[in-house]
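J.:
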Amino acid sequence: MKEQGQVKDVAQTVSAVRYLARTVGLAMTGATAIGWVVVAGNDIAGAARWLTLGGVAVAGGVLGAAIGGANYRRFVRPMRVLIDQIERLSQGQLAVQADERRAGSLRVLARSLNEMAKTWAELLRRVQESVESVTLSAQTVSACADQTTAGSQRIAAAIQQAAERADGQLQETKRIAAELETMTRAFGQVADQARVTNESATRVTTEAGQGRVWVEEGARHMLAIAASMRASVEKVQALGARSNEIEQIVAVITDIAEQTRLLALNASIEAARAGEAGSGFAVVAREVRKLSEQSAVSAQQIAQLIRDVQRDMHDVTEAMTALAADVETAKVAVEQAGKPYHRIVEWAERVACEAQHIADLVAQLERRSRQLVDAVASLDGTAQTWAQQAQEILAGAQEQLASSEEMLASANALREMAEALRLLIERFQTDEEEKISG
């Protein structure tokens with residue numbers, strides 16, 4: 000502290016010297032300017048001018064030193080004291096007091112700063128005491144909350160385990176009840192199916208005999224259809240042969256028409272040679288040639304139609320042949336299908352007897368399963384009541400646990416806030432008092 004005071008005194012002395020030097024410099028500069036004005040106004044020359052300027056400058060320096068010293072003692076040095084005090088306060092050094100005797104004309108302001116520092120220091124001491132008290136209380140509450148939370152967690156865990164077991168038993172009971180109900184419905188469905196099977200077997204027995212009659216009748220019809228198809232194929236084949244004969248006749252007609260056209264052409268040539276006498280014959284020859292050409296065209300068209308008919312008849316013949324083969328196959332299948340009908344009748348009668356026996360047994364099982372469903376339903380009601388009570392107890396324990404956790408969180412938050420406030424207060428110095436001499 001002593002070394003810091005010496006350094007501070009040296010710094011203040013240097014500052015005072017600098018202030019006086021600046022003040023004297025400014026005063027001498029102003030006095031010199033005034034001296035030049037006086038010299039210029041009075042026409043002073045020679046050595047008298049320099050003496051006048053020197054005297055005015057020295058007088059200005061002395062006056063500046065006197066005024067600067069007075070200002071430094073009256074304003075600058077007291078202001079330094081206040082500035083140092085404000086800097087100490089900004090650094091949190093509330094125990095430091097400004098020397099009011101050094102404050103001069105600013106003594107009232109220095110006293111106000113000292114009182115404010117004392118007030119802040121007292122306030123911070125009280126806040127620190129409150130923070131310590133709050134910290135102790137928060138630690139106590141936190142410890143109690145920890146114990147309460149641990150106990151609540153153990154209770155909640157035990158109740159949760161009991162509730163889970165009760166819920167598991169309830170779910171198992173519901174599953175068993177559902178399975179029994181499903182089994183009962185299945186028994187009912189089996190009984191219904193057995194009755195339906197019995198009725199179906201009876202109907203099958205009746206319809207199987209009728210089906211055998213229908214199969215035999217169908218076989219007879221298939222035989223008739225097969226005979227008709229064979230006759231149709233033979234007729235179509237005969238038509239194909241006829242169409243071949245017609246095609247040959249058309250070829251002969253075409254040849255005759257071509258020969259007629261050539262004869263008509265030759266006749267026209269001979270008529271042209273005969274001159275006027277053969278003119279009438281030439282007309283007849285032209286007409287004959289036209290008719291022969293038209294006959295040739297018609298014969299070609301007829302030949303094309305006959306070829307189309309032959310192609311279609313060939314397709315029809317192939318289709319009818321394939322159809323006849325299919326009819327023959329169907330006839331064989333119908334004959335084979337009629338053979339098992341008497342066995343179907345025997346099996347249907349046997350199935351009807353067994354289905355009736357199964358229906359009786361399933362009816363007994365259905366009655367027993369209904370009794371089991373009623374017993375499990377009663378057990379399900381008891382388990383459900385137990386599970387609901389366990390859930391209510393668990394809800395209360397969880398609420399208590401949540402309250403304990405909230406209290407613990409609040410206590411921890413309060414303790415953290417108190418610790419943060421304590422660290423903030425430690426930044427301020429409030430124990431020892433020190434005077435700022437300035």
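When you number the sequence shown by numbering that gives the first Met the number 0, it's gap-free, plus one each residue, and the end is 437. From the three backbone atoms N, C-alpha and C, an ideal C-beta is built for every residue, glycine too. Remember, predicted model here, so these are calculated numbers, not experimental data.
Compare the Cα-Cα distances from Ala324 to each of Val126, Ala226, Trp119 and report the closest residue.
T.: Nearest option by C-alpha distance: Ala226.
J.: Considering only residues of the same chain and omitting the five flanking positions on each side of Ala300, which have a CB-CB separation below 6 angstroms?
T.: The residue asked about is misnamed: residue 300 is Gln in this sequence, not Ala. No residues qualify anywhere along the chain.
J.: Using only the alpha-carbon positions, how far apart do Glu233 and Glu286 sit?
T.: Near 45 angstroms, if we compare the C-alpha coordinates of Glu286 and Glu233.
J.: Would Ser129 be called buried (16 or more neighbouring beta carbons within 10 Å of its own) or exposed?
T.: Looking at its Cβ environment, which holds fewer than 16 other Cβ atoms inside 10 Å, Ser129 is exposed.
J.: Given Thr139, which residues of its chain have a CB within under 6 angstroms of its CB, disregarding the five upstream and five downstream residues?
T.: Correct list: empty, nothing qualifies.
J.: Compute the Euclidean distance between the alpha carbons of Glu398 and Thr118, then round it to the nearest angstrom.
T.: Straight-line Cα distance between these residues: approximately 47 angstroms.
J.: In angstroms, rounded to a whole number, what distance separates the CA positions of Thr316 and Asn243?
T.: Whole-angstrom Cα-Cα distance: 15 angstroms.
J.: Roughly how many angstroms separate the alpha carbons of Ala142 and Ala408, rounded to a whole number?
T.: Taking the straight line joining both Cα atoms gives about 12 angstroms.
J.: Measure the alpha-carbon distance for Ala401 versus Ala394 and round it to whole angstroms.
T.: Each residue's Cα considered, the two are about 10 angstroms apart.
J.: To the nearest angstrom, how far is it from the Cα of Asp254 to the Cα of Arg272?
T.: Using only the alpha carbons, I get a separation of about 27 angstroms.
J.: According to the neighbour-count rule (16 or more other Cβ atoms, all chains shown, within 10 Å of its Cβ), is Ser132 buried or exposed?
T.: The residue is exposed, with fewer than 16 neighbouring Cβ atoms inside 10 Å.
J.: Excluding the 5 residues preceding and the 5 following Asn265 in the sequence, name in chain order all residues of the same chain whose CB lies nearer than 7 angstroms to its CB.
T.: There are no such residues.
J.: Shortest alpha-carbon distance to Leu262 belongs to which of Val251, Arg21, Lys289, Ala237?
T.: With distances taken between Cα atoms, Leu262 lies closest to Lys289.
J.: Identify which residue in Arg153, Arg219, Asn113, Ser297 has its Cα closest to the Cα of Ile252.
T.: Considering only alpha carbons, the answer is Ser297.
J.: Count the other CB atoms within 10 Å of the CB of Ser111; is the residue buried (16 or more) or exposed (fewer)?
T.: The residue is exposed, with fewer than 16 neighbouring Cβ atoms inside 10 Å.
J.: Please classify Asn113 as buried or exposed, where buried requires at least 16 neighbouring CB atoms within 10 angstroms.
T.: It is buried - the Cβ of Asn113 has at least 16 other Cβ atoms within 10 Å.
J.: From Val61 to Met115, what distance separates their C-alpha atoms?
T.: C-alpha separation (whole angstroms): 41 angstroms.
J.: Would you kindly work out how many angstroms separate the C-alpha atoms of Thr134 and Arg21, rounded to a whole number?
T.: Cα to Cα, the separation comes out at about 57 angstroms.
J.: Rounding to the nearest angstrom, what Cα-Cα distance links Thr181 and Gln170 in this structure?
T.: Answer to the nearest angstrom: the Cα atoms are 16 angstroms apart.
J.: What number of angstroms, rounded off, separates the C-alpha of Glu415 from the C-alpha of Glu405?
T.: Rounded to whole angstroms, Glu415 to Glu405 spans 15 angstroms at the Cα level.
J.: Distance, Cα to Cα, Gln258 vs Asp314?
T.: Near 36 angstroms, if we compare the C-alpha coordinates of Asp314 and Gln258.
J.: Can you give the Cα-Cα distance for Gln303 and Arg219, rounded to whole angstroms?
T.: About 43 angstroms.
J.: What residue from Ala47, Gly53, Ala46 has the CA that sits closest to Ala32's CA?
T.: Nearest option by C-alpha distance: Gly53.
J.: Could you tell me the distance, in whole angstroms, from the CA atom of Ala237 to the CA atom of Thr320?
T.: Taking the straight line from one Cα to the other gives about 14 angstroms.
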